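*Asks:*
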Amino acid sequence: MTSSPPLPASIPGPAIRHSIDRLVVSGRRLFGWGWAAHAEREIASVHLELEGEGWKRRLQAGIGLSRHDVEDAYPDLVNAAASGFVVTGYIPERTPLRAWLDVELQDGRRERVDVTHVVETRYAKRRRWRLAAWVAHAVWRRLKRGDIAGIVRRAKTQTYVAPSLDDIGVVEALIAALRRHRGLSIVFDHNMGGGANQYCRNIVAERNGRGEAVLLCTYNLPMLEYRLHVHEPGAESSVFRISTFLALERILEKMPSTELFVNSPVSFDEPLLLAEWLARMRAEFPASRLTVTAHDYFSICPSFVLLDADGRYCGIPEISRCAECLRRHPASYVALSPPTEIGPWRALWGRCLQAADEIRCFSESTRSHLLRAYPTLDLARIAVVPHKPDYVPARLPRAARGPLVIGVIGEISPQKGAWIVRDMVSLIERDGIDARVVVLGTLNVAYRSDRLRVSGAYRREELVDLIEEHGINMLFFPSIWPETFSYVVAEMVALRLPVVAFDLGAPGERLRQYPMARLCDEVSAEAALAALLDFHRQIERPSASVA
Numbered sequence: 040m041t042s043s044p045p046l047p048a049s050i051p052g053p054a055i056r057h058s059i060d061r062l063v064v065s066g067r068r069l070f071g072w073g074w075a076a077h078a079e080r081e082i083a084s085v086h087l088e089l090e091g092e093g094w095k096r097r098l099q100a101g102i103g104l105s106r107h108d109v110e111d112a113y114p115d116l117v118n119a120a121a122s123g124f125v126v127t128g129y130i131p132e133r134t135p136l137r138a139w140l141d142v143e144l145q146d147g148r149r150e151r152v153d154v155t156h157v158v159e160t161r162y163a164k165r166r167r168w169r170l171a172a173w174v175a176h177a178v179w180r181r182l183k184r185g186d187i188a189g190i191v192r193r194a195k196t197q198t199y200v201a202p203s204l205d206d207i208g209v210v211e212a213l214i215a216a217l218r219r220h221r222g223l224s225i226v227f228d229h230n231m232g233g234g235a236n237q238y239c240r241n242i243v244a245e246r247n248g249r250g251e252a253v254l255l256c257t258y259n260l261p262m263l264e265y266r267l268h269v270h271e272p273g274a275e276s277s278v279f280r281i282s283t284f285l286a287l288e289r290i291l292e293k294m295p296s297t298e299l300f301v302n303s304p305v306s307f308d309e310p311l312l313l314a315e316w317l318a319r320m321r322a323e324f325p326a327s328r329l330t331v332t333a334h335d336y337f338s339i340c341p342s343f344v345l346l347d348a349d350g351r352y353c354g355i356p357e358i359s360r361c362a363e364c365l366r367r368h369p370a371s372y373v374a375l376s377p378p379t380e381i382g383p384w385r386a387l388w389g390r391c392l393q394a395a396d397e398i399r400c401f402s403e404s405t406r407s408h409l410l411r412a413y414p415t416l417d418l419a420r421i422a423v424v425p426h427k428p429d430y431v432p433a434r435l436p437r438a439a440r441g442p443l444v445i446g447v448i449g450e451i452s453p454q455k456g457a458w459i460v461r462d463m464v465s466l467i468e469r470d471g472i473d474a475r476v477v478v479l480g481t482l483n484v485a486y487r488s489d490r491l492r493v494s495g496a497y498r499r500e501e502l503v504d505l506i507e508e509h510g511i512n513m514l515f516f517p518s519i520w521p522e523t524f525s526y527v528v529a530e531m532v533a534l535r536l537p538v539v540a541f542d543l544g545a546p547g548e549r550l551r552q553y554p555m556a557r558l559c560d561e562v563s564a565e566a567a568l569a570a571l572l573d574f575h576r577q578i579e580r581p582s583a584s585v586a
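With the numbering used here applied, the sequence shown closes on residue 586, and no number is skipped along the way.
(1) Would you call the stretch 403-413 in contact with the stretch 540-554, where contact means no fewer than 3 C-beta pairs closer than 8 Å?
(2) What are the uninterrupted segments assigned as alpha helix (DSSP H) that are 4 or more residues long and contained completely in the stretch 46-123, given in chain order?
(3) Please report the distance separating the alpha-carbon of G446 from that of F515.
(4) To the nearest angstrom, how far is the alpha carbon of V253 from that of R328?
(5) Quick one: residues in its chain with C-beta nearer than 6 Å to the C-beta of P598, no 5 flanking neighbours on either side, listed in chain order?
(6) Tell me whether V405 sits in a helix, a strand or coil according to DSSP, three-state version.
(7) Name the DSSP bridge partner or partners of W139?
(8) So, at 8 Å on beta carbons, what are the nonlocal neighbours of I59 in its own chain, with the 5 sequence-adjacent residues on each side left out?
(9) Taking Cβ to Cβ, would you say H368 is nearer than 9 Å to F524?
(10) From I448 to E132, what distance separates their C-alpha atoms?
(11) Do M294 and L418 have their C-beta atoms within less than 9 Å of each other?
(12) On the criterion of 16 or more Cβ atoms from any shown chain inside 10 Å, does P415 qualify as buried, or is it exposed?
(13) Smallest Cα separation from R390: which of R67, L466, I214 and A322?
(14) Can you pull the DSSP bridge partners for A252?
(15) From A370 to G101, what does the alpha carbon distance come to, in whole angstroms?
(16) Quick check on P537: buried or exposed, where buried means 16 or more other Cβ atoms within 10 Å of its Cβ?
(17) Is it buried or exposed for D111, if we count other Cβ within 10 angstroms and need 16 for buried?
(18) Closer than 8 Å: is that where the CB of E110 sits relative to any heavy atom of the ligand SAH?
(19) Taking all protein chains shown into account, decide if R184 is buried (16 or more other Cβ within 10 angstroms of its Cβ) or exposed.
(20) Anyone know if the C-beta pair for Y352 and P521 falls short of 9 Å?
(21) Under 7 Å Cβ to Cβ from D560, same chain only, skipping five residues before and after it: list those, please.
(22) Along the chain, where does the beta strand (DSSP E) containing S359 start, and where does it finish?
(23) When burial is assigned at 16 or more other CB atoms within 10 Å of the CB, is V431 buried or exposed?
(24) Three-state secondary structure (DSSP) at V532?
(25) Nearest-angstrom Cα distance between R137 and R149?
(26) Measuring alpha carbon to alpha carbon, tell me which of R487, A83, E450 and R67 ends up nearest E468.
(27) If you measure between the beta carbons of S494 and G480, is that distance less than 9 Å?
(28) Using 9 Å as the threshold, is the C-beta distance between A75 and V142 below it?
(29) Distance cutoff 9 Å, beta carbons only. Does R319 sit that close to anything in chain E?
(30) For Q145, which of F124, R80 and P135 has the nearest alpha-carbon?
(31) Going by beta carbon distance, what residues of the same chain come within less than 7 Å of H270, once the five residues before and after it are set aside?
(32) In whole angstroms, what separates the C-alpha of I358 from that of R551?
(33) Do you know how far the Cα of P554 is from the Cα of R411?
(34) Whose C-beta lies closer than 7 Å to the C-beta of D504 among residues of the same chain, with five residues either side of it excluded?
(35) Ignoring anything shorter than 3 residues or poking outside the stretch 493-566, list the beta strand (DSSP E) runs there in chain order.
(36) Measuring alpha carbon to alpha carbon, tell me which of S65, R67 and R56 ends up nearest R114.
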């Protein structure tokens with residue numbers, strides 16, 4: 040599907056062009072992606088509407104994602120290069136009967152198209168007998184141990200799992216192979232890219248280097264299923280498809296000294312079950328070790344970047360305000376987790392953190408946030424271990440003199456400050472300011488302007504050349520959430536160029552120690568632009584000091 044039916048006669052103009060590349064439903068979970076663009080107007084919003092027997096849902100899509108393939112095919116469409124969208128969420132566990140894509144333009148025009156034929160459903164027919172097989176196996180093991188309470192607990196938590204018969208066989212086969220090694224770590228991580236995944240790769244390499252095996256459990260969003268990646272020292276890695284992380288309990292029974300390492304379970308479809316399971320495994324297998332890292336704030340809130348329903352940093356307020364906020368939170372990254380209340384979320388993740396042998400933070404700021412949410416955590420078990428940035432430029436860029444050219448580095452999503460960048464460019468245009476903005480990477484907000492240039496993806500070794508090619512003389516880090524570290528900020532400091540950022544999280548903590556930095560207390564495009572212009576004027580004056 041590459042185009043939609045024409046707009047109603049009462050709404051003149053060309054049709055919105057769009058495509059859904061994939062839309063998958065598995066149990067209660069939905070995930071899909073595609074693109075939408077128009078010949079004359081920007082896309083304002085994209086929603087997916089679903090209807091089943093006795094229920095309706097309207098899910099907001101995240102828009103502005105990079106789609107250079109669309110730009111190549113339809114170069115005349117407005118912002119074709121940023122026309123991608125992704126939608127995710129949870130629905131009642133009854134198959135959707137109808138689905139519509141609802142696309143709205145900036146001028147208010149809308150188009151609603153039936154996309155029912157695109158929906159894929161997975162495992163629906165096999166779900167019940169798979170579940171019965173797993174429950175029977177788990178109940179028998181617990182009966183042998185006399186764990187009646189555990190049987191009841193397990194039965195209550197089966198709502199969201201879809202185990203398969205082959206899970207047992209896969210795990211039993213793995214145990215024999217894993218026993219050959221000095222130790223075993225089971226690592227839990229998302230597969231969405233970024234710094235957390237890089238850290239996870241380092242953890243796997245480190246454990247393998249010590250002669251230990253690693254089982255990496257991830258959740259594959261495009262397929263809506265769990266994957267188990269087996270990394271053994273000196274061997275090629277292999278991947279198994281498993282239906283639930285609960286299958287790994289069998290490994291702990293046979294290898295009780297296993298390490299449980301939680302890197303980032305964002306996107307897992309059973310986050311509260313995972314939190315409860317981790318705490319219970321640590322208690323039932325006292326020879327095990329549990330490490331929970333804080334690459335984000337997922338243990339505090341499903342809004343793991345701590346942005347509230349209005350898109351602003353929340354500061355972790357009273358839990359009553361959190362409850363009200365979570366009920367109306369529209370962000371697609373919140374929809375990665377099943378609908379829940381903040382009370383159970385804090386209770387179960389708090390129990391997991393209390394059970395951990397180590398809670399690993401990467402900045403003092405992150406540690407402070409965790410303690411604000413969980414003030415009774417044992418301070419002795421909260422470690423601050425900053426990342427070790429490995430970027431060393433081959434040479435330092437030559438900073439261009441003259442008008443302000445603002446460089447923004449990375450994949451700039453809404454939480455990374457995409458709207459701030461867009462509004463800043465709008466202010467430059469409106470006020471006739473002699474300045475430009477260059478995004479070295481991608482900008483996940485559709486916007487056209489002569490004052491804005493977006494380079495697209497680049498290789499790290501190209502960074503210095505790109506800065507000089509575009510005449511960048513000031514760097515701006517526009518993220519609006521309190522990041523837990525930021526490799527991009529580390530790169531900016533390594534480049535020895537002036538940097539402006541908001542005074543939030545680990546980036547603010549790091550840049551306070553960098554003499555060529557300016558921090559904004561107010562998170563707004565106006566405040567950031569004013570700081571950039573003022574800092575640039577200081578640098579341009581020969582007698583000015585920027586220390």
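The beta carbon of each residue, even a glycine, is placed where N, CA and C say it ideally should be.
In this text, all values refer to a predicted model and were calculated from it rather than measured experimentally.
*Replies:* Taking the geometry as given:
(1) They touch, by the three-pair rule.
(2) Those alpha helix (DSSP H) runs which fall completely within the stretch 46-123 and span 4+ residues are 107-112.
(3) Position 407 of the sequence shown, counting from 1, holds the residue named residue 446. Position 476 of the sequence shown, counting from 1, holds the residue named residue 515. Roughly 6 Å between the two C-alpha positions.
(4) Locating residue 253 in the sequence shown gives position 214, where the first residue counts as 1. Locating residue 328 in the sequence shown gives position 289, where the first residue counts as 1. When rounded, the distance between both Cα atoms is 14 Å.
(5) Residue 598 cannot be examined here, being either before or after the span of the chain that is shown, 40 to 586.
(6) Position 366 of the sequence shown holds residue 405. According to the sequence provided, residue 405 is Thr. The question's Val does not apply to it. Of the three classes helix, strand and coil, the one that applies to T405 here is helix, per DSSP.
(7) Numbered from 1 along the sequence shown, position 100 holds the residue referred to as residue 139. Answer is E88 and D153, bridged to W139.
(8) To locate residue 59, count along the sequence shown from 1; it is residue 20. Closer than 8 Å at Cβ, skipping near neighbours: M40, G71, W72, G73, L140, V154 and V157.
(9) As a working mapping, residue 368 is identified with position 329 in the sequence shown. As a working mapping, residue 524 is identified with position 485 in the sequence shown. Not in contact: H368 and F524 (Cβ atoms no closer than 9 Å).
(10) The sequence position of residue 448 within the sequence shown is 409, counting from 1. The sequence position of residue 132 within the sequence shown is 93, counting from 1. Using only the alpha carbons, I get a separation of about 41 Å.
(11) Locating residue 294 in the sequence shown gives position 255, where the first residue counts as 1. Locating residue 418 in the sequence shown gives position 379, where the first residue counts as 1. No, the pair does not count as a contact, with Cβ atoms beyond the cut-off.
(12) Taking the sequence shown and counting its residues from 1, one reaches residue 415 at position 376. With the sequence shown as reference, residue 415 is identified as Thr, and Pro is not the correct amino acid for it. T415 comes out exposed.
(13) Residue mapping note: residue 390 aligns to position 351 of the sequence shown, counting from 1. It is A322.
(14) Stepping through the sequence shown from its first residue, residue 252 is reached at position 213. Per DSSP, L223.
(15) For the purposes of this step, residue 370 is taken as the residue at position 331 of the sequence shown. For the purposes of this step, residue 101 is taken as the residue at position 62 of the sequence shown. Here the alpha carbons of G101 and A370 stand approximately 7 Å from one another.
(16) Translated into positions along the sequence shown, residue 537 becomes position 498. When all chains shown are included, P537 counts as buried.
(17) For the purposes of this step, residue 111 is taken as the residue at position 72 of the sequence shown. Its Cβ having fewer than 16 others within 10 Å, D111 is exposed.
(18) The model on display carries no ligand, and the ligand SAH is accordingly not part of it.
(19) On the sequence shown, residue 184 is found 145 positions in, with the first residue counted as 1. Because the pLDDT at R184 is just 41, under 50, the model does not fix this residue reliably, and the point stays unresolved.
(20) As a working note, residue 352 is residue 313 in the sequence shown. As a working note, residue 521 is residue 482 in the sequence shown. Their beta carbons are under 9 Å apart, which means Y352 touches P521 by this criterion.
(21) Stepping through the sequence shown from its first residue, residue 560 is reached at position 521. Contacts found: D542.
(22) Position 320 of the sequence shown holds residue 359. Here S359 belongs to no beta strand (DSSP E); instead the alpha helix (DSSP H) covers I358 to R366.
(23) Counting from 1 along the sequence shown, the entry for residue 431 is found at position 392. Classification of V431: exposed, given that the 10 Å Cβ count is below 16.
(24) Translated into the one-based positions of the sequence shown, residue 532 becomes position 493. Three-state DSSP puts V532 in a helix.
(25) Here residue 137 is taken as the residue at index 98 of the sequence shown, counted from 1. Here residue 149 is taken as the residue at index 110 of the sequence shown, counted from 1. So the two alpha carbons sit approximately 19 Å from each other.
(26) Looking up residue 468 in the sequence shown gives position 429. Checking every option, the nearest Cα to that of E468 belongs to R487.
(27) Counted from its first residue, the sequence shown places residue 494 at position 455. Counted from its first residue, the sequence shown places residue 480 at position 441. In this structure, S494 lies near G480, with their beta-carbon atoms less than 9 Å apart.
(28) In the sequence shown, counting from the first residue as 1, residue 75 sits at position 36. In the sequence shown, counting from the first residue as 1, residue 142 sits at position 103. Yes. Within cutoff.
(29) Here there is only one protein chain, and chain E is not present.
(30) On the sequence shown, residue 145 is found 106 positions in, with the first residue counted as 1. Measuring from the Cα of Q145, the nearest candidate turns out to be R80.
(31) In the sequence shown, counting from the first residue as 1, residue 270 sits at position 231. Scanning its chain for C-beta atoms nearer than 7 Å, with the 5 sequence neighbours on each side dropped, one finds around H270 the residues V243, N247, A252, V253, L255 and S276, in chain order.
(32) Along the sequence shown, one-based indexing puts residue 358 at 319. Along the sequence shown, one-based indexing puts residue 551 at 512. Those two C-alpha atoms are separated by around 31 Å.
(33) Translated into the one-based positions of the sequence shown, residue 411 becomes position 372. Translated into the one-based positions of the sequence shown, residue 554 becomes position 515. Cα to Cα, the separation comes out at about 30 Å.
(34) Here residue 504 is taken as the residue at index 465 of the sequence shown, counted from 1. Residues of the same chain with a CB within less than 7 Å of the CB of D504, apart from the 5 flanking positions on each side, do not exist.
(35) Secondary structure within the stretch 493-566: the beta strand (DSSP E) runs of 3 or more consecutive residues, fully enclosed, are 513-516, 538-541 and 556-559 (chain order).
(36) For the purposes of this step, residue 114 is taken as the residue at position 75 of the sequence shown. A small fix is needed here, since residue 114 is Pro in this sequence, not Arg. Checking every option, the nearest Cα to that of P114 belongs to R56.
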